[in-house]
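Take a look at the structure below.
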Amino acid sequence: MPNHDSSDSNPCQCWIPVMATMLILLGLFNAGFALLMGGVATELDSLREQVLSSSSDMKIGKFFNVVSGGLLSVGQYAEGKIVKGIVEGLPPLWWMAMLSWARVLISLAAFALGWCVVVRRPLAFRLLPFWAALSSVLFVFSLFSSFDVIRLVYVETGLLLVLLLGILDIGLHLVWPGYILLRLRKAGFKLLPGRSS
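4 is the number of the first residue of the sequence shown in this note's numbering; add one for each residue after it.
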C-alpha cells in the first residue's frame, strides 16, 4: 500500500498500467523462454541416460573394431563413441532443468502481480519488492552455478549467442526488477512494509 495518499500528491498514475502491462508481457516471455530451456535440458538429460545405459551395441562395435585392427569401423561403435563423448561432456542437466522451472515460477508470479497491479490491489505493491529481490537472487545463483553450461554454449555456438543470452538474462532479472523498485520508490511507495501506526 502506498506510503501516502497518492491521489493528493501525484495525480498522474498513468505509469501503473504501463508497468503492469510490461510485468505481464515480460513474465509471459520469460516463462516461455524458461519452458523452452527446461524442456531442452530435460530431453538432453534423458538422452544422456539412454546413451550411458545402452552400451551393448557400442561394445559389439568395439569388438569388431579391435579384432580388425581398427580397419573395420562399425557405424554403431563410431557414432556411439562420438555421442558418448559429447554427452559425457555435458554439465549436470537436471540442475539446469530445476533452474528453468524456478524461472517459470518467478515469471508466473510476475504475470499474476501484473494483473493485481492493473486492478491496484495494495498487496501487489507490497509483494513487488520481494518478487524483484527473488528474481535478482535467482539470476545471481543461476549465473554462478551455470558456468559449465555457459562454457558449453560458448564452445558450440560462439561468443555472440553467449552475449545475447547474458544481456537477455541481465535485462529480465536485474535491470527490469531494479527499474520497478526505483519507480515504486520515486512514486512514494514503501519498499519494505512496516507496521502502520
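Positions of the beta carbon are idealized from the N, C-alpha and C atoms, including for glycine. Here the structure is a predicted model, which is why all the values come from computation and not from measurement.
Quiz item: Is it right to say residue 116 is buried, meaning 16 or more other beta carbons lie within 10 angstroms of its own, or is it exposed?
Solution: buried
Practice problem: Inspect the beta-carbon positions of residue 30 and residue 148 and report whether they are closer than 7 Å. | Solution: no
Quiz item: To the nearest angstrom, how far is it from the Cα of residue 129 to the Cα of residue 146?
Solution: 27 Å
Practice problem: Spatial neighbours of residue 100 within its chain, please: CB distance less than 8 Å, with the 5 preceding and 5 following residues excluded, ordered by chain position. | Solution: 41, 44, 45, 48
Quiz item: CB-CB under 7 Å to residue 165, same chain, minus the five flanking residues each way: which ones, in chain order?
Solution: 153, 156, 157
Quiz prompt | Distance between residue 24 and residue 11 (C-alpha atoms, nearest Å) | solution = Legend: pLDDT at residue 11 = 47, less than 50; position of this residue unreliable, no value from coordinates given.
Quiz item: Distance, Cα to Cα, residue 124 vs residue 162?
Solution: The C-alpha of residue 124 lies about 43 Å from the C-alpha of residue 162.
Quiz item: What are the boundary residues of the alpha helix (DSSP H) that residue 188 is part of?
Solution: 179-189
Exercise. Hey, could you find the ends of the alpha helix (DSSP H) residue 123 is sitting in?
Key: Here residue 123 belongs to no alpha helix (DSSP H), and DSSP marks it neither H nor E.
Practice problem: Report the option in 33, 120, 20, 17 whose CA atom is closest to the CA atom of residue 173. | Solution: 33
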